[in-house]
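A short worksheet on the structure shown next.
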Amino acid sequence: MPKNWPPEYDAKFLPEHNSPFWDRKLETMDPRERAETVILPKLQAQLHYAYRHSPFYRNKWDSAGVTPEDIQSLADFEKIPFVTKEEIREDQLKHPPFGSNLCISKDEIASVHGTSGTTGKPTAFGISQGDMERIGEAHARIMWGFGIRPDDTVFIGSFFSLYLGSWGALAGVRRLGAAAFPFGAGVPGQTERAIEWIQEIKPTVFYGTPSYSLYLAEKARVLGVDPGTDFNFRILVFSGEPGAGVPATKKRIEDTYGGICIDTGSTAEMTPWMTNGECEHRKGMHLWQDIVYAELVDSETEKRVPYGEEGVTVYTHLERTSQPMIRFRAGDISMWTLEPCPCGRTYPRLPRGVYGRADDMFVVRGENVYPSAIENAIRRIDGFGDEFRIVITREKTMDELIVQAEPIPGTNDESTLKLGKMLEVDLKTKGLRTLVQMQPPGTLERTEFKARRVIDQRDLYDEMTKR
Ligand SMILES: [Zn+2]
Numbered sequence: 008m009p010k011n012w013p014p015e016y017d018a019k020f021l022p023e024h025n026s027p028f029w030d031r032k033l034e035t036m037d038p039r040e041r042a043e044t045v046i047l048p049k050l051q052a053q054l055h056y057a058y059r060h061s062p063f064y065r066n067k068w069d070s071a072g073v074t075p076e077d078i079q080s081l082a083d084f085e086k087i088p089f090v091t092k093e094e095i096r097e098d099q100l101k102h103p104p105f106g107s108n109l110c111i112s113k114d115e116i117a118s119v120h121g122t123s124g125t126t127g128k129p130t131a132f133g134i135s136q137g138d139m140e141r142i143g144e145a146h147a148r149i150m151w152g153f154g155i156r157p158d159d160t161v162f163i164g165s166f167f168s169l170y171l172g173s174w175g176a177l178a179g180v181r182r183l184g185a186a187a188f189p190f191g192a193g194v195p196g197q198t199e200r201a202i203e204w205i206q207e208i209k210p211t212v213f214y215g216t217p218s219y220s221l222y223l224a225e226k227a228r229v230l231g232v233d234p235g236t237d238f239n240f241r242i243l244v245f246s247g248e249p250g251a252g253v254p255a256t257k258k259r260i261e262d263t264y265g266g267i268c269i270d271t272g273s274t275a276e277m278t279p280w281m282t283n284g285e286c287e288h289r290k291g292m293h294l295w296q297d298i299v300y301a302e303l304v305d306s307e308t309e310k311r312v313p314y315g316e317e318g319v320t321v322y323t324h325l326e327r328t329s330q331p332m333i334r335f336r337a338g339d340i341s342m343w344t345l346e347p348c349p350c351g352r353t354y355p356r357l358p359r360g361v362y363g364r365a366d367d368m369f370v371v372r373g374e375n376v377y378p379s380a381i382e383n384a385i386r387r388i389d390g391f392g393d394e395f396r397i398v399i400t401r402e403k404t405m406d407e408l409i410v411q412a413e414p415i416p417g418t419n420d421e422s423t424l425k426l427g428k429m430l431e432v433d434l435k436t437k438g439l440r441t442l443v444q445m446q447p448p449g450t451l452e453r454t455e456f457k458a459r460r461v462i463d464q465r466d467l468y469d470e471m472t473k474r
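For the sequence shown, the numbering used here begins at 8 and goes up steadily by one.
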């Protein structure tokens with residue numbers, strides 16, 4: 008086990024202003040050399056630490072017949088069993104509130120966070136001070152790659168609540184030495200106030216969800232403010248939703264604000280979640296493998312897939328002392344590559360982003376459908392507004408897929424009808440039989456957080472038709 012684990016970072020270090028890298032050597036190293044000399048030693052230290060401090064992992068690995076000593080290479084690492092979201096939730100029910108993988112004493116907890124619990128019981132996170140500092144360090148390093156510098160002002164337009172997104176972004180901004188503008192979201196009237204403040208303070212970086220950035224722009228235009236010229240965002244950073252990795256949404260955000268749109272994010276459990284993060288060249292998210300080790304595995308054989316292939320995401324912390332996640336099977340679908348990126352970083356990339364979020368997928372007439380595919384289709388056609396809904400219902404015993412969308416304000420009836428037809432035809436060529444219902448502009452609900460765009464009414468149908 009390396010002596011310096013968890014790693015200690017110089018909290019005062021900053022790269023030269025014009026250096027594209029935080030740590031050139033580490034970021035541009037030969038991937039095999041990095042795997043051998045950096046990732047593997049950190050991984051082994053993390054495994055030993057977890058085995059010693061976490062009854063959760065000790066029990067799990069003992070039952071699987073594997074110990075940290077068995078892991079002598081990254082190939083060996085595939086012997087370690089996966090951990091799932093459900094398993095973490097169940098463990099927390101049995102060992103409330105933080106579960107049996109906390110690894111630190113309660114009095115070492117510096118910050119309490121949690122998941123939103125929209126898809127089940129929320130998960131609680133108890134994070135140590137050291138981990139919070141390392142999260143800040145990791146995010147600062149990755150944000151440097153977005154092009155953020157100490158003279159930037161970062162507007163954080165997301166909820167400051169249990170949600171880790173805002174706090175993780177704030178920790179990174181502070182460590183990088185930029186000005187944090189933690190505006191928050193969710194209070195009535197806050198978007199209108201944001202529009203005033205943004206014109207006044209002129210922050211150069213936006214952080215929030217893609218949905219919120221589009222809502223903010225729409226609201227600004229209604230108030231006679233042009234988000235492209237009256238605001239001053241040169242970099243917009245997103246997480247929480249797949250939108251920033253959906254090509255047509257990315258383009259729409261960049262056209263709206265005149266800044267670059269950066270996609271980031273793995274999942275709250277894996278904070279520092281920015282270790283999936285694009286660089287300023289926006290060629291898909293890099294996997295910062297020496298901070299969080301990411302794998303793509305085949306969903307059936309559960310074996311790691313080669314570069315160039317599609318698989319589901321599995322993540323492992325490499326420097327976490329509180330609640331480390333080890334082979335956490337997030338289950339989102341992506342494709343990875345080791346093709347070079349113009350930035351010169353040698354981390355693998357997800358060139359198409361994370362296009363299949365496990366939580367978002369639904370099945371219609373036996374087919375897996377990802378909302379991001381529908382989002383991309385809508386946003387590629389000129390004339391649609393920014394909001395849409397997907398309603399799944401049942402007619403007799405057949406699933407029906409309804410897409411509700413809006414034209415931009417001022418569109419006449421005939422053109423609105425045409426837009427709807429165009430989308431139906433486009434989705435049909437992608438194998439999706441849908442009914443498109445056009446709604447008057449501004450009628451679909453807007454959000455300041457993550458949009459809930461899929462409404463599944465099939466349970467309701469079954470309930471109503473039950474005898
Ligand atoms: Zn890059």
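All residues carry an ideal CB built from backbone N, CA and C; glycine is no exception.
Nearest CA to the CA of residue i: which residue from the options?
| i | options | result |
| --- | --- | --- |
| K290 | V304, E307, D270 | D270 |
| G72 | R59, S61, K86 | K86 |
| Q411 | R386, Q446, F245, T454 | Q446 |
| L442 | P448, G427, T436, E287 | G427 |
| G318 | R386, G363, L294, W295 | G363 |
| T344 | A337, F335, P358 | P358 |
| D389 | Y214, T198, D262 | D262 |
| C110 | L424, E307, D138 | D138 |
| T274 | D159, A337, E407 | A337 |
| P313 | I95, Y300, P355 | P355 |
| S2 | I142, P157, H102 | Nothing about residue 2 can be read from this structure; the chain reaches only from 8 to 474. |
| G143 | E307, V180, G172, D159 | V180 |
| G121 | D98, G172, E140 | G172 |
| D339 | V361, K403, W174 | V361 |
| Y264 | I385, P234, E285 | P234 |
| V495 | I205, I381, L325, L439 | In the structure as shown, the chain begins at 8 and stops at 474. Residue 495 is therefore absent and cannot be evaluated. |
| R327 | L430, E140, D367 | E140 |
Please classify residue i as buried or exposed, where buried requires at least 16 other C-beta atoms within 10 Å of its C-beta.
| i | result |
| --- | --- |
| R474 | Only weak support is given to the placement of R474: the predicted model assigns it a pLDDT of 45, under 50, and the value that follows is read from those uncertain coordinates. R474 should be labelled exposed. |
| G133 | buried |
| Y170 | buried |
| M405 | exposed |
| K257 | buried |
| N375 | exposed |
| F20 | exposed |
| E15 | exposed |
| K437 | exposed |
| R200 | exposed |
Please confirm whether residue i and residue j have their CB atoms less than 7 Å apart.
| i | j | result |
| --- | --- | --- |
| I537 | P414 | Because the chain in this structure spans residues 8 to 474, residue 537 falls outside the shown range and cannot be described. |
| F162 | N108 | no |
| R401 | R465 | yes |
| P38 | T353 | yes |
| K457 | E248 | yes |
| I149 | M281 | yes |
| S165 | A187 | no |
| A57 | P349 | no |
| P177 | A147 | One detail in the question is off: residue 177 reads as Leu in this sequence, not Pro. The answer is no: Cβ separation not under 7 Å. |
| I155 | V212 | yes |
| F240 | G215 | no |
| D297 | I46 | yes |
| D463 | I399 | yes |
| Y300 | T278 | no |
Using DSSP with H/G/I as helix, E/B as strand and the rest coil, what is residue i?
| i | result |
| --- | --- |
| E346 | coil |
| A117 | strand |
| N66 | helix |
| R372 | coil |
| Y475 | Summary: the structure shown does not reach residue 475, with the chain confined to residues 8 through 474, and so no result is reported for it. |
| A224 | helix |
| A251 | helix |
| N283 | strand |
| G449 | coil |
| F132 | strand |
| E309 | coil |
| G338 | strand |
| D393 | strand |
| H24 | coil |
| G363 | strand |
| Y264 | helix |
| P189 | coil |
| G318 | strand |
| L442 | strand |
| T216 | coil |
| I78 | coil |
| V73 | coil |
| D98 | helix |
| V194 | coil |
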